[in-house]
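Be aware that the sequence shown starts at 559, since it is given in the working numbering, and climbs by one per residue.
Backbone N, C-alpha and C define an ideal beta-carbon position, used for all residues, glycine too.
On a predicted model such as this, the values are computed, not experimentally measured, just so you know.
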Amino acid sequence: MIYTDGTIAINAGSPIVTGTGTQWKKNIHGVAPGQLISIENGIAPVSMMIRAVNSDTELVLSFNAPVTLSGAKYSIATTVPDTISDAARTMSANQGYIVYFLQAMQQWMTDTGQVEIELPNGQKVTLEDVKGLASREWVGEMLYKPNSAVTRVQSPNKRNVVQLEDGGTVGFKDTVTDRYRFALISDGSTRCFSDGEYTGLDLVKIDGRYVRLETNPHAGTASMLSIVYRQANGENQHIVTIPYDTGVVATRSWIQQATGWGSVYADYPPYMTNFTNTNLPNGMYRFNQNSQNPPSVIGDRFGSVITTRYSGDIGQRIVLPNYGATHMAIHRYTGSAWESVRVLTSNMYIVDGSGYYKKSSPIVQIYPDGHYDTNDESEGAEVSRTGTGQYHITGILGYNSDGAWGVNGGISVPKDNNGLELVYVDDRVQSDGSLIIETCHRQHTHLPERFQNWRLKEVTPEGERIFYQDGELCDLPESTRLDVRVEMPQDSVWNVKQRELAEQMEREQAEREAKEAADQAGDSGE
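In structure tokens:
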């Protein structure tokens, strides 16, 4: 066997070895003269024979130490394992400790006072003797049993006690008021008591910060419970109150799944599987190409729905498509039929030069000097002024095909206060889809002279005023514009973006469905 406990120090020229944390004299460890000690000294350990064991912390070597060391590790070969000498030493040591232990037990059971016992590892412990325990002298009557049904451990002043009742209640009790402060009840409940309106329970973290659950006064308050997050110094950080009312306190996840509200970041509301489901709870939902019976007014099949119910199966839904021309629609059930309308949003109309609302998208707005504006859907169209009253629109496929501005085209001409158009428009669609528009003066000669459109063309050096003639080419009047509703090609910026967005939505939908299927498969396999 080998003994290595503690560390040692030696001085060059001296045979004395001084130990720290060693127990060389204890017979159970078997350190004895004639044994070999090896002391750590870099790569060349010092090895010598032990000549004498003076105490637990002092050995004498057979020769003087060749070096000075402090706090060095060491090892002593006490016996060769599994030999007769090893067995004899072990049996002798154990027998000696057994005798010592029996003597200590005799002292513990017969003496009065405290008994000190040393354990095999050298640790010393103090035990109250049996007589002291039996007489309760050391307890100071802290353990008290007032009757057969109640047992108490009480403080020296006997006011505050830990009480155990045979019925199963255990807790901290004030004997003056005869009220529990904190109790565990046999039915599994826990109760905290206070002398006022505020009763609390603290849940404390290792850094001292804590959450307090605390009651609020019954009178003059709208809440019955507060949940308070506090710093270690007691400073309030966040407070949540529970109203003094009957109801359910819902988590964000519950609200999201039950009503759709509370969805943030990666959380998504549930899908609306059928637009004509009249029993759908109030809340927010998603829809996609798999949602059944969508209203025709929404167009593309991805987006969100806010649903409300008036009574029974009568309700309304606000539909918010993710892309496309329709930004919002209303879908409602009257009790006998579904009705749907598009909400007129700013992307769906323009106010023309005469102040009238007209269906929008895609629109090109042309100004007198030839500069122009496009909207989202007409992005990519270009206009150039090729001459007086001549404008060339390229990057398009003629007028918009839906005829919303009339069967003869899609141009809104500026008007005067009497609603009279200020110019004639002559237009030609070219073979490449581009559009040439010419504007000519419109005099309205059939009207009384003072109501006609007198537009000044120039003033001669002699001061004569020259007016445009009816049908004469002219630029648009100042502060007016020509609104043209056009058809965009499939490779226009808007159409390409819409296709890419639709493809992206389909990919994301497929990925979500695959993930949900994988999650469900994982849950079923557990």
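Counted within 10 angstroms of its Cβ, other Cβ atoms place P1006 as buried (16 or more) or exposed: exposed
Where the beta strand (DSSP E) containing D931 begins and where it ends: Y930 to T932
Cβ-Cβ separation, T727 to L742 (assumed contact under 8 Å), whole Å: 7 Å
Where A1076 falls: helix, strand or coil (DSSP): helix
Rounded C-alpha distance that separates S942 from E1045: 18 Å
I954 and G991 closer than 8 Å at C-beta: yes
Same chain only: Cβ atoms within 6 Å of P1047, ignoring 5 sequence neighbours per side: L955
Stretch-stretch touch, CB-based, cutoff 8 Å, three pairs: the segment 605-614 with the segment 582-597: yes
Nearest candidate by alpha-carbon position, reference V657, set Q672, T641, A645 and E676: E676
Closest by C-alpha distance to D614, when choosing among V909, Y561 and F621: Y561
Cβ neighbours of Q665 in the same chain (closer than 7 Å, five flanking residues each side left out): V673
H885 to V899 span [Cα, whole Å]: 12 Å
Contact set for T866: own chain, Cβ-Cβ below 8 Å, skip 5 residues either direction: N840, G873, Q874 and R875
Endpoints, beta strand (DSSP E) assigned at H587: Per DSSP, H587 belongs to no beta strand (DSSP E) and is neither H nor E.
Inter-residue spacing [alpha-carbon to alpha-carbon] between P573 and K631: 17 Å
Counterpart residues of W896 in DSSP-defined beta bridges: Y891
Euclidean distance between Cα positions of L1040 and W1012: 20 Å
Cα-Cα separation, Q789 to T773: 19 Å
At least three beta-carbon pairs within less than 8 Å, the segment 996-1010 to the segment 1025-1032: yes
Where V807 sits in the DSSP three-state scheme: coil
Environment of F1009 [buried if 16+ CB atoms lie within 10 Å]: exposed
Start and end residues, beta strand (DSSP E) containing D563: It is not in any beta strand (DSSP E) - D563 carries neither H nor E in the DSSP assignment.
Per-residue DSSP class, three states only, for S854: helix
Span of the beta strand (DSSP E) around P801: N794 to P801
Beta-carbon gap between V611 and V589 smaller than 8 Å: yes
For G654, three-class secondary structure by DSSP: helix
N-terminal and C-terminal residue of the beta strand (DSSP E) that D984 is part of: V981 to V987
Nearest residue (CA-CA) to A602, options Q581, V625 and S620: V625
Inter-residue Cα distance where the pair is V734 and E723: 18 Å
Cβ pair count under 8 Å reaching 3, the segment 929-938 against the segment 1047-1065: yes
Nearest-angstrom beta carbon gap, Y787 and V762 [assumed within contact, 8 Å]: 12 Å between Cβ atoms; not a contact.
Collapsed DSSP secondary structure at N718 in the structure displayed: strand
N958, buried or exposed, once every other Cβ within 10 Å from all chains shown has been counted against 16: buried
Of the residues S894, L878 and A895, the one placed nearest I888, counting alpha carbons only: L878
First through last residue of the beta strand (DSSP E) which encompasses I876: I872 to P879
Bounding residues of the beta strand (DSSP E) (the contiguous stretch that carries K583): Premise fails: K583 is in no beta strand (DSSP E) and is neither H nor E.
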